[in-house]
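Quick notes on the structure that follows.
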Amino acid sequence: MKKILFALAAIIAVASCSKKTEGPATHPAWTYNAVMYEVNIRQFSPEGTFKAVEEQLPRLSELGVDILWLMPMYEIGVEGRKGTLGSYYAISDYCKVNPEFGTMQDFEDLLSSAHAAGFKVILDWVANQTAPDNVWMKEKPADFYERDADGNAIWEYDWTDTRSLNYENTAVWDAQEECMRFWLDKGVDGFRCDAAGEMPSKVWEKIIPELQAAYPDAYFLAEAEKPELAAIFDATYAWELHHLMNDIAQGKKTVNDLKAYIAKDAKNTAPSAFRLMFTSNHDENSWAGTEFERMGDAASVMAVLCFTLPKGQPLIYTGQEIGLSRRLEFFEKDPITDWSSNDFTTFFKGLVDFRHAHKALAAGEKGGPIEYLKGYPEGVLAFRRAVEGDAVTVIANLTAETVALPGGETLAPWGYKLLPE
């Protein structure tokens with residue numbers, strides 16, 4: 063049944079590409095110029111606990127980020143567990159914390175300290191599937207889960223440590239919303255919804271507006287790129303842009319491809335839509351490779367684009383701010399032990415500060431439109447964004463060659479200039 067729904071959704075999505083979807087009318091005021099930081103709690107310290115994250119809040123405050131996205135911190139399953147510690151995304155109880163990270167009081171202390179330090183905190187919400195030994199397997203009717211002809215709960219892809227929820231049963235929708243309210247009532251500031259596109263969009267069309275009405279200052283991010291989800295969530299992923307940046311760095315695509323993407327995204331989604339832009343995240347780092355593996359010397363200029371392109375809400379993943387050049391294990395303990403500041407810290411702090419200083423770079427409808435500058439050589443993306451008296455010019459060399467700029471200056475391979483006006 064789910065595959066049929068997905069096929070129908072794909073047909074709808076293709077049809078919708080011919081017109082622009084409406085975006086959210088407004089977003090919480092705190093979201094427009096915010097920079098997100100993804101916290102991998104398990105690998106954030108040798109302890110891998112809520113308290114250890116709390117101890118690093120001053121460092122994150124100095125970096126300047128605004129939103130802390132905590133990777134799933136709920137109790138996870140034992141049955142079918144992958145590796146020694148298991149996946150954060152195989153949840154056994156949505157309303158309990160993973161004892162690996164500490165107690166509920168430890169979580170609440172972290173939340174309180176983060177708020178006191180000026181951060182917003184969002185949780186990673188995993189609605190598409192649960193662990194095989196989730197409490198719902200015993201507490202809920204059999205039709206809470208998708209099952210085969212023999213009555214066995216099934217899973218998708220190679221996610222053998224999970225079981226797929228049955229979203230033809232609207233009671234599952236209500237159960238998800240109830241659990242999300244549990245955390246919103248504790249004071250979290252929203253959710254990043256994992257694999258949101260794997261579920262029927264009609265589920266989110268019900269849940270998200272109801273939560274927004276009850277918690278008007280909450281923020282909702284979909285790990286998906288469907289145009290119809292951009293009309294429901296505050297932000298969706300810029301997956302296509304991410305892969306395009308990888309291809310440009312590898313010489314497979316060009317500036318013209320990037321301009322075509324920007325034009326297509328402007329056509330398919332409303333000006334108010336946010337896009338999460340990134341050079342790395344937990345999936346990319348662990349499975350596809352670090353930004354240095356995928357982008358090489360182009361990693362920095364691609365990060366600059368994530369902070370400056372229209373609609374963009376930039377993301378920094380655990381370790382990027384120190385130039386972490388290794389893949390973090392997913393199912394095992396693999397902590398970062400040295401957080402000493404270096405040139406990467408200065409780079410990312412500079413980008414965060416630049417973003418905050420210029421309202422022209424705001425996400426959604428509050429940011430300035432993109433205006434391409436003429437006279438620059440092929441391979442250079444040069445653009446200006448301006449709004450309400452604030453303006454920024456970005457010049458990015460998206461080639462592995464030194465290029466000559468108008469006026470006689472040169473720009474190194476993968477070099478960039480950020481010029482406030």
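Going left to right, the sequence shown walks through residues 63 to 483 as the working numbering numbers them. Even for Gly, the Cβ is constructed at its ideal location relative to N, Cα and C. All values reported here derive from a predicted model rather than from experimental measurement.
field: Met-307 in three-state terms, based on DSSP
entry: helix
- request: Could you say which of Lys-288, Leu-443, Pro-439 and Ile-398 lies nearest to Met-364 if we only look at CA atoms?
  value: Leu-443
message: On the criterion of 16 or more Cβ atoms from any shown chain inside 10 Å, does Ala-276 qualify as buried, or is it exposed?
response: exposed
query: Counting pairs of Cβ atoms below 8 Å between the region 445-452 and the region 415-423, do you hit three or more?
result: yes
- prompt: What are the start and end residues of each continuous alpha helix (DSSP H) run of 4 or more residues lying completely inside the region 164-201, in chain order?
  reply: 166-178 and 198-201
- request: Select from Met-357, Gly-249, Ile-270 and Val-317 the residue whose C-alpha is nearest the C-alpha of Ala-258.
  value: Ile-270
- prompt: Is Glu-463 buried or exposed, if buried means 16 or more other CB atoms sit within 10 Å of its CB?
  reply: Glu-463 counts as exposed, since fewer than 16 other C-beta atoms from the protein chains shown sit within 10 angstroms of its C-beta.
message: Measuring alpha carbon to alpha carbon, tell me which residue in Gly-470, Gly-430, Tyr-229 and Gly-148 is nearest Gly-437.
response: Checked all of Gly-470, Gly-430, Tyr-229 and Gly-148; the closest Cα to Gly-437 is Gly-470.
Environment of Trp-349 [buried if 16+ CB atoms lie within 10 Å]: Result: exposed.
- prompt: Taking only runs of the beta strand (DSSP E) that begin and end inside the region 117-169, which ones reach a length of at least 3 residues, in chain order?
  reply: The beta strand (DSSP E) runs of length 3 or more contained entirely in the region 117-169 are, from start to end of the chain, 129-132, 136-138 and 153-159.
- request: With DSSP as the reference, please indicate the residues paired to Gly-252 in a beta bridge.
  value: Per DSSP, the beta-bridge partners of Gly-252 are Tyr-281.
query: Are Ser-507 and Leu-119 close, meaning C-beta to C-beta below 8 Å?
result: For the chain, the structure presents residues 63 to 483; residue 507 sits outside this window and is missing.
- prompt: Is Gln-274 helix, strand or coil by DSSP?
  reply: helix
- prompt: Is the Cβ-Cβ distance between Leu-125 and Phe-410 less than 8 Å?
  reply: yes
- prompt: Can you name, in chain order, every residue of its own chain whose Cβ lies under 8 Å from the Cβ of Lys-113, other than the five neighbours on each side?
  reply: The residues are Gly-164, Asp-168, Asp-171 and Leu-172.
- request: Look up Ala-458 in the DSSP assignment and say whether it is helix, strand or coil.
  value: strand
- prompt: Just to confirm, are Leu-413 and Phe-354 a CB contact at a threshold of 8 Å?
  reply: no
- prompt: DSSP state of Met-63, grouped into three classes?
  reply: Unreliable positioning characterises Met-63 in this predicted model, as indicated by a pLDDT of 41, which lies under 50. A coordinate reading is not provided.
field: Closest Cα partner of Cys-241 within the set Tyr-136, Asp-223, Asp-345 and His-89
entry: Checked all of Tyr-136, Asp-223, Asp-345 and His-89; the closest Cα to Cys-241 is Tyr-136.
field: Closest by C-alpha distance to Lys-395, when choosing among Tyr-99, Phe-106, Ala-91 and His-89
entry: Phe-106
- prompt: Hey, how far is the Cα of Glu-285 from the Cα of Pro-468?
  reply: 40 Å
message: Is it buried or exposed, Val-140, if we count other Cβ atoms within 10 angstroms and call 16 or more buried?
response: exposed
- prompt: Nearest to Glu-201 by CA position, among Val-456, Val-183, Asp-186 and Val-234, is which residue?
  reply: Val-234
- request: Give every residue of the same chain whose Cβ lies closer than 8 Å to the Cβ of Ala-361, excluding the five residues on either side of it in the sequence, and list them in chain order.
  value: The residues are Ala-311, Thr-341, Glu-353 and Phe-354.
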